[in-house]
Amino acid sequence: MSTSARPARSRAVSRIRHRALAGAALIGFAAASLSPAAAETKWFPMKIYDSSSGTPTPAEYTPLAKAEKPYNICVLFPHMKDSFWVAVAYGIATQAATSNVNMNLYEAGGYENLPKQLSQFDDCMAAKADAIIVGAISGAGLMKKFEEAKAKGIPVVGVTNPLPPNALPAANYVDFVAMGEVTGEGLLAQSKPDEELNIVTFPGPAGSGWAESFNEGFKKAVAKNPKAKILGEKFGDSGVAVQLQLIQDALQAYPSMNVIWGSAPTAEAAIGAVAEAGRTDIKVISSYENQAMLDALNRGDILAFATQYPVGEGAIAIDQAIRLIEKKPVTALVQPVAAVIDKTTVPKLQMDLVLAPASWSPVYSVKAK
């Protein structure tokens, strides 16, 4: 790159990072309670796979009307850096209000902060929560805590992020291999048969489980096209700033790259980086959803994204927790039906199961009436 180009590139990096930090600041604001109107949902029955037996079986999920008592439910998230986890929080907070339970949510600040999530898990147990819901930074890393909670009689529900088989009495998360696969199929469907696809993948944080599974499914799908080639795989934290650096490095290392596939923050960072590089030939596709991805799709900045209906996942987690507390029948493994969303399918999307309303600020605490 020429010396004269460097200042422009630096200004672009600054602009992209500023937008990312501004979004994070907004997400950090917490409302004290949830309005009764927000608790009125029409999400259910929700189409799912019941994978409790190990074989996904089509089913519909409907929660209990209300909890028998105002239980105390402790919720742990990896972070609240983007609108994906805000959507899960919206489902959790709304269903907690609907079910009339108390809910407190804590986030660890990023996938590099497993020790903080372990400490927060200890805090939940010390507070004698009736149940714990956890979006695990690392399923393997939390196994000892799961055993400790079981010994104390505190049921734990896994939400959104994958866990080792039978790690918990109840969990809900998408089949990440299948979700990665639908994005790969979406890419092939919108590419010409003889088109060379030189792909670099940006799956997310190594060791998270979901990043590796997304990547596996995507590669499985694109392998069906001999014209598709994976040039490189770049793992890293799912924050926009980290992903931006990875993309900038890839633009230098892989000049023939014409497809960027990765997490929603990857795609968000890629839009500005690709524009700044003048690479209008590069296609961008996201492995999952957030508000930025919907906006980018509508603008034509990305090709497609996949959805796992995170609002629904959050709501189901609350119901699974209540069922475990009350020793009622519970679906041990709920898996949303993954779908790829492009300009042709977005009008059919049940958006209230995908994203929180734009006017909603994250709620970290819900008080039962």
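Going left to right, the sequence shown walks through residues -39 to -1, 1 to 330 as mature numbering (1 follows the signal peptide of the UniProt record, and there is no 0) numbers them. Using N, Cα and C, we set each Cβ at its ideal position, and we do this for glycine too.
Q. In this structure, what does DSSP give as the bridge partners for Thr18?
A. Asp11
Q. First and last residue of the alpha helix (DSSP H) that includes Gly273?
A. Pro271 to Ile286
Q | For Val138, the first and last residue of its enclosing alpha helix (DSSP H) | A | Phe137 to Ala150
Q: Could you name each continuous alpha helix (DSSP H) segment of 4 residues or more that falls completely within the stretch 21 to 86, going from the start of the chain to the end?
A: 44 to 60
Q) In the structure shown, what three-state DSSP assignment does Asn159 receive? A) strand
Q: Classify Gly102 as helix, strand or coil using the three-state DSSP reduction.
A: helix
Q: Could you tell me which uninterrupted beta strand (DSSP E) segments, each at least 3 residues in length, are contained entirely in the stretch 220 to 246, listed from first to last along the chain?
A: 220 to 223
Q.
Does Gly178 come out as helix, strand or coil in the three-state DSSP assignment?
A. helix
Q | Where Leu264 sits in the DSSP three-state scheme | A | coil
Q.
Helix, strand or coil, according to DSSP, for Ala202 in the structure here?
A. helix
Q. Do you know whose CA, among Tyr10, Ala238, Gln204 and Leu25, lies nearest Thr59's CA?
A. Leu25
Q) Buried or exposed: which applies to Met312, given that a residue is buried once 16 or more other Cβ atoms fall within 10 Å of its Cβ? A) exposed
**Q.** Neighbourhood of Glu229 by C-beta distance below 6 Å, restricted to the same chain and skipping five residues each side
**A.** Val201 and Ala253
Q. So is Ser217 buried or exposed if we call it buried at 16+ other beta carbons inside 10 Å?
A. exposed
Q. Under three-state DSSP, which class holds Val327?
A. strand
Q) Is Pro116 helix, strand or coil when you go by DSSP? A) coil
Q.
According to DSSP, Leu294 sits in a beta bridge with which residue or residues?
A. Ala132
(Q) Within 10 Å of its beta-carbon, does Ala184 have 16 or more other beta-carbons around it, so buried, or fewer, so exposed? (A) exposed
(Q) Assuming Ile98 and Gln78 are in contact, meaning their beta carbons sit under 8 Å apart, how far apart are those beta carbons, in whole angstroms? (A) 5 Å
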